[in-house]
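Have a look at the structure below before the remarks.
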Amino acid sequence: MTGFSTSTARVIATMGSHSALQILDGAKREGFKTLVVATESAAGVYRHFGVADSIIIVKSNGDFFSVENELVRKNAIIIPHASFVAYVNSEELEGSPIMYFGNRRILAFERDRSLQRKWLADAGLRLPRIFKTPDDIDRPVIVKFYGAAGGKGYFLAKSPEEFYEKIRGYSHRSLTIQEYIIGVPVYIHYFYSPLTKELEIMSLDRRYESNVDSIGRIAAKDQIDINLNTSYNITGNTPLVLRESLLPRVFEMGEAVIDAAKRLSPKGIFGPFCLETVVTPELEFYVFEISARIVAGTNLYINGSPYTDIRYGMPMSTGRRIALEIKRAIEQGRLDEVLG
Amino acid sequence: MTGFSTSTARVIATMGSHSALQILDGAKREGFKTLVVATESAAGVYRHFGVADSIIIVKSNGDFFSVENELVRKNAIIIPHASFVAYVNSEELEGSPIMYFGNRRILAFERDRSLQRKWLADAGLRLPRIFKTPDDIDRPVIVKFYGAAGGKGYFLAKSPEEFYEKIRGYSHRSLTIQEYIIGVPVYIHYFYSPLTKELEIMSLDRRYESNVDSIGRIAAKDQIDINLNTSYNITGNTPLVLRESLLPRVFEMGEAVIDAAKRLSPKGIFGPFCLETVVTPELEFYVFEISARIVAGTNLYINGSPYTDIRYGMPMSTGRRIALEIKRAIEQGRLDEVLG
Amino acid sequence: MTGFSTSTARVIATMGSHSALQILDGAKREGFKTLVVATESAAGVYRHFGVADSIIIVKSNGDFFSVENELVRKNAIIIPHASFVAYVNSEELEGSPIMYFGNRRILAFERDRSLQRKWLADAGLRLPRIFKTPDDIDRPVIVKFYGAAGGKGYFLAKSPEEFYEKIRGYSHRSLTIQEYIIGVPVYIHYFYSPLTKELEIMSLDRRYESNVDSIGRIAAKDQIDINLNTSYNITGNTPLVLRESLLPRVFEMGEAVIDAAKRLSPKGIFGPFCLETVVTPELEFYVFEISARIVAGTNLYINGSPYTDIRYGMPMSTGRRIALEIKRAIEQGRLDEVLG
């Protein structure tokens, strides 16, 4: 046992953004008190939906740790999500006494592109090739610029010549040349229980990105006429189910990621995570990224997905699944096993 | 109190098309008797789904008001939808003694493009620019023809020269030159309660239009080879959820529309309405249209949306929400406040 | 009455793939014992989701009939799906004593392209034109090769000249030249009850195919630069609802197919089936294919669709609807009427 006061840990808290509605709704359904740390403008949303028993107002999401003492005093368990990861400083989180659902050390691997790639490669997953120099380009590639908000200015090329032609006029100095895999995007939402050691498929989604998910509505000729450029800013998510015969492979990939994570950090990865894949016409999964926490695509499934409907026979969102895991951990006196 | 006989107003009625299944299903779930005015060919659908306690057959949807007396005698409350708005004559509606859910005077603003634009501009929303003359074209525009069924023949241009080149051979005399905003379509389904003065986000959708939502499946080269033209006829709707950090802005826009409506007509707008937006890569909402009544995209959420699942914790479609509002109004002796 | 032992027929069985999760889940919800015949690698999925009371392991799905005796001994009723149809040999099925839900004779019409076309034409449905010779091409066509896995190498043309230009270098000898209908794909999931003689609309979907459902995310210029080719391998499904005014036509088409099937085989078609359509901008349905059994698009609706939510007021997947039909048949002593 750790020093956590399990008997009083009855508050689930998060930052007011990304998937907070789902996380807080799920916590309430499992009987927890809830708390959200939000800006004044966001707070109205959480008030409206009635999911937060208490709201702590901060000036900006970056001030999350300014209320750390209050969170600790309230015995709140923090649920991380993408906005939390984006706004919170790594060192602050590492050194904080707050109770954190998941392994906070694994987040470093999500944040660092090359560590992440090492992790996924170590899991034996199929990754898009990275070209070290433009001169090696021998197939379609996407050229990505670091810090390009919403993926603006990314371009495709299929040869060194085309790369050098298109790169002119770009001022970015830091870029990646990644093999462009042509296939359909599939985001896989997993949940791994540290209590039962079981991996679950919660749901799947496809992102809805601006403007790239709208340009298909513009005829090719018109696209060329208006000299269209693409960008990849996430505006939402749409639901999908996967071809059933691909599920064994989906489980395999999830298990491989969990095994590899144990080699990175003793506690490994647990709770919700997501593999961002592209499925080729040959039905092979290429993995582009891993999110080591809940993803926004799960917001589609507040009342359950086709997969959780089968497994649970009751509404089970990923947010609720998190709360259920914490509840079980508390009941079994094993809270420390779900915190990290 | 008005002269409405609230004690006997227990029938919810609509025209048999658009979202009648949802409206009638929602009414039944809230304990109302239901009635649908439908053509013989449509009637079978309402019979099949068992949502209508009574069906009045008309020769065509345009004959709706031929059964006005029967609707009045039955104390039926009419729920408008897009087909109702399309088939029913404004003057007939204005002068009719039927009980009408919503503000019938606001529909004029939905019907009239320039009044509608005034309304949205007055609400401070971001609108696509309208070009008064082709010579002003300085960015991508879409050229729309009035009366072009299903948006057939709309074309894009990005300069006066291109406009004049493409307009040749068109016989339409009435057209609009609208800034073409490149971004993802998002339809926002609101509900404003005149009883509680609260604005709710019910759900979101994306239209499924023929052929424009299929051309992305045709390779660019092939599109050009077959000389593809686009059209925008609505065939259905697909679900989505929105990036959570955009919700504060979504509430703001809805509030602004409600405030502006009060300046147009004393009763303003209430009940369901929809903003048809395009979200740019910069995550700005451009508003193209407002529907001052239920939209067909809500048909996706007969058993609730992620948003209503959180707020209500029970299945709550927009159709049911309408019936709930009427029920509460009757219970509180305030029925006149939801009719207009 | 037939020789089926209705009193003991309490096991619903299927092959472990395609829509087995849904079929088994639906069977359990209706109180049946369930059995899945699966490969070792797939079995884990069915174990994980807890839908199978027993699992029979086979080396490959093609070995399904090697366990025929066991299925017969257990009084299992087999539910067919696309994988079953693909892996199982027609003659083996025809001659087998296993209890089979649906009319096994109608499957021959699904398997044979020309019989299927005859069936659909006989039902008076609108079909894409087939060109017997390239010289007749007078509109956009899609050229399909038999045995081209996942639709690889299909190409479009709009004239004999273009056909002859593009066909060079292809080694396939067997091909079809089909009119290319430009419009949105809509898959309609029907269920026809042989007990009540009623046709139901269960749900709708749109396939998610690799790579054709991702190429719209690539700008036209880039598509041309990388010399993109399309393919049509199914990776999943996404949900949709249909414009309500199209539902009368949807019922008509379903009824026409049922009537025509009775002329093909005495028992006709019953249980679930699907029309794969494209809806044009003029809102006309072109029918490309019929599936004479459950389709994977129904996997989206484990907990019901908007349409079944209205009709049933409780979660009703197509898988559960099958089990419900079998249950009612057993209760009414009419099991032979749902087997064929």
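Those protein sequence lines, which keep their order, are chains R, W and P. Read in order, the letters of the first sequence are residues 1451 to 1790 in our numbering. Read in order, the letters of the second sequence are residues 1451 to 1790 in our numbering. Read in order, the letters of the third sequence are residues 1451 to 1790 in our numbering. Every residue gets a Cβ at the ideal spot worked out from N, C-alpha and C, and that includes glycine.
Fill in: Buried versus exposed call for Ser1455 (chain W) [16 or more other C-beta atoms within 10 Å across all chains shown]
Low local confidence applies: a pLDDT of 46 at Ser1455 (chain W) is under 50, so the model's placement there is unreliable, with the coordinate-based value given in what follows. That one is exposed.
Fill in: Partner residues on chain W for Tyr1658 (chain R), Cβ-Cβ distance less than 7 Å
Residues of chain W with a Cβ closer than 7 Å to the Cβ of Tyr1658 (chain R) are, in chain order, Val1634, Leu1690.
Discussion item. Taking a contact to mean a Cβ-Cβ separation below 8 Å, would you say Ile1587 (chain R) touches Tyr1604 (chain R) in this structure?
Written reply: No, they are not a contact pair.
Worksheet item: With distances taken between CB atoms, is the gap from Val1700 (chain P) to Ala1573 (chain P) smaller than 8 Å?
Response: No, they are not a contact pair.
Worksheet item: What is the DSSP secondary structure of Tyr1751 (chain W), counted as helix, strand or coil?
Response: Tyr1751 (chain W): helix per DSSP, three-state reduction.
Discussion item. On the DSSP bridge list, what partners appear for His1639 (chain P)?
Written reply: Residue pairing of His1639 (chain P) in beta bridges, as defined by DSSP: P:Ser1653, P:Cys1724.
Fill in: Own chain partners of Phe1735 (chain P) with C-beta closer than 7 Å, once the 5 adjacent residues on each side are dropped
So the list reads Arg1576, Arg1699, Met1703, Thr1727, Val1729, once near-sequence residues are dropped.
Practice prompt. Measure the alpha-carbon distance for Leu1789 (chain W) versus Gln1472 (chain R) and round it to whole angstroms.
Written response: Rounded to the nearest whole angstrom, the C-alpha separation of Leu1789 (chain W) and Gln1472 (chain R) is 35 Å.
Item to complete: Count the C-beta pairs between the segment 1749–1768 of chain W and the segment 1459–1467 of chain W that are closer than 8 Å, then say yes if the count reaches three, no if not.
Response: Taking 8 Å as the limit for Cβ pairs, the verdict is that the segment 1459–1467 of chain W does not touch the segment 1749–1768 of chain W.
Item to complete: Could you check what DSSP says for Pro1689 (chain W) in three-state terms: helix, strand or coil?
Response: In the structure shown, Pro1689 (chain W) sits in a strand (DSSP, three-state: E or B).
Item to complete: Starting from Glu1659 (chain W), follow its DSSP beta bridges and name the residues at the other end.
Response: DSSP lists W:Ile1684 as partners of Glu1659 (chain W).
Worksheet item: Taking DSSP as the reference, what is the three-state secondary structure of Val1461 (chain W)?
Response: If DSSP states are grouped into helix, strand and coil, Val1461 (chain W) belongs with the strands.
Worksheet item: Distance, Cα to Cα, Pro1590 (chain W) vs Phe1738 (chain R)?
Response: So the two alpha carbons sit approximately 33 Å from each other.
Worksheet item: Where does Tyr1658 (chain R) land, buried or exposed, given buried means 16+ other C-beta within 10 angstroms?
Response: With 16 or more other Cβ atoms inside 10 Å of its own Cβ, Tyr1658 (chain R) counts as buried.
Worksheet entry | Partner residues on chain P for Thr1730 (chain R), Cβ-Cβ distance less than 8 Å | Within 8 Å of the CB of Thr1730 (chain R), the CB atoms of chain P belong to Ser1660, Asn1661, in sequence order along the chain.
Discussion item. Mapping the DSSP letters down to three states, classify Val1593 (chain P) as helix, strand or coil.
Written reply: For Val1593 (chain P), the three-state secondary structure derived from DSSP is strand.
Worksheet item: Less than 8 Å separating the beta-carbons of Gly1639 (chain P) and Pro1722 (chain P)?
Response: For clarity, residue 1639 (chain P) is His in the given sequence; the question names Gly instead. Their beta carbons are under 8 Å apart, which means His1639 (chain P) touches Pro1722 (chain P) by this criterion.
Practice prompt. For Glu1629 (chain P), collect the residues of the same chain with a Cβ closer than 7 Å to its Cβ; drop the 5 residues on either side in sequence, then sort them by chain order.
Written response: Result list for Glu1629 (chain P): Pro1578, Arg1579, Arg1589, Val1591, in chain order.
Worksheet item: Would you say Ala1670 (chain W) reaches chain R, if we count a Cβ-Cβ gap shorter than 8 Å as a contact?
Response: Under the Cβ distance rule, Ala1670 (chain W) counts among the residues neighbouring chain R, one pair being separated by less than 8 Å.
Item to complete: Could you check the C-alpha separation between Ala1571 (chain W) and Asn1679 (chain R) for me, to the nearest Å?
Response: Answer to the nearest angstrom: the Cα atoms are 29 Å apart.
Discussion item. Only counting the same chain, and skipping five residues up and downstream in sequence, which positions put a Cβ closer than 6 Å to that of Asp1562 (chain W)?
Written reply: There are no such residues.
Discussion item. Is His1639 (chain R) close to chain W? Criterion is C-beta to C-beta, closer than 8 Å.
Written reply: No, His1639 (chain R) does not count as interfacial toward chain W.
Worksheet item: What are the boundary residues of the beta strand (DSSP E) that Ser1741 (chain P) is part of?
Response: 1735–1741 is the extent of the beta strand (DSSP E) around Ser1741 (chain P).
Worksheet item: Given Pro1644 (chain W), which residues of its chain have a CB within under 7 Å of its CB, disregarding the five upstream and five downstream residues?
Response: Cβ within range, chain order: Phe1720, Glu1787, Val1788.
Discussion item. Spatial neighbours of Ser1546 (chain W) within its chain, please: C-beta separation below 8 Å, excluding the five flanking residues on both sides.
Written reply: Excluding sequence neighbours, Ser1546 (chain W) sits near Phe1515, Glu1518.
Worksheet item: Using CA coordinates, which residue listed in W:Ala1773, W:Asp1655, W:Lys1712, W:Asp1672 is at the minimum distance from Val1745 (chain W)?
Response: Cα-wise, what sits closest to Val1745 (chain W) is W:Asp1655.
Worksheet item: To the nearest whole angstrom, what separates the beta carbons of Thr1626 (chain W) and Lys1594 (chain W), a pair I think is in contact under 8 Å?
Response: Yes, Thr1626 (chain W) and Lys1594 (chain W) are in contact; Cβ-Cβ is about 5 Å, under 8 Å.
Worksheet item: What did DSSP end up calling Thr1452 (chain P) once you bin it into helix, strand or coil?
Response: Because Thr1452 (chain P) carries a pLDDT of 41, less than 50, the predicted location of this residue cannot be relied on, and the following value inherits that uncertainty. In the three-state reduction of the DSSP assignment, Thr1452 (chain P) falls in the coil class.
Fill in: Helix, strand or coil at Tyr1604 (chain W) [DSSP, three-state]
Here Tyr1604 (chain W) carries a coil assignment [DSSP, helix/strand/coil].
Worksheet entry | Pairwise C-alpha distance: Asn1525 (chain R) and Arg1778 (chain P) | Straight across, the Cα-Cα distance linking Arg1778 (chain P) with Asn1525 (chain R) is about 54 Å.
Worksheet item: Secondary structure at Phe1482 (chain P), three-state DSSP: helix, strand or coil?
Response: Correct three-state label for Phe1482 (chain P): coil.
Worksheet item: Where do the N-terminal and C-terminal ends of the beta strand (DSSP E) with Ser1504 (chain R) fall, by residue?
Response: Its beta strand (DSSP E) spans residues 1504–1507.
Worksheet entry | Of the listed residues R:Asn1511, R:Tyr1596, R:Tyr1620, R:Phe1581, nearest to Pro1610 (chain R) (C-alpha basis) | Nearest to Pro1610 (chain R) by alpha-carbon distance, out of R:Asn1511, R:Tyr1596, R:Tyr1620, R:Phe1581, is R:Phe1581.
Fill in: Partners in chain W for Pro1698 (chain P), counting only beta-carbon separations shorter than 7 Å
Listed by position along chain W, the residues whose Cβ is nearer than 7 Å to that of Pro1698 (chain P) are Ser1491, Ala1492, Gly1494, Val1495.
Worksheet item: Checking contacts by CB at 8 Å: is Ser1482 (chain W) closer than that to chain P?
Response: The sequence as given places Phe at residue 1482 (chain W); Ser does not occur at that position. No, Phe1482 (chain W) lies away from the interface with chain P (no Cβ there is under 8 Å from its Cβ).
Worksheet entry | Euclidean distance between Cα positions of Ile1529 (chain W) and Lys1568 (chain P) | Computed Cα separation, rounded: 45 Å.
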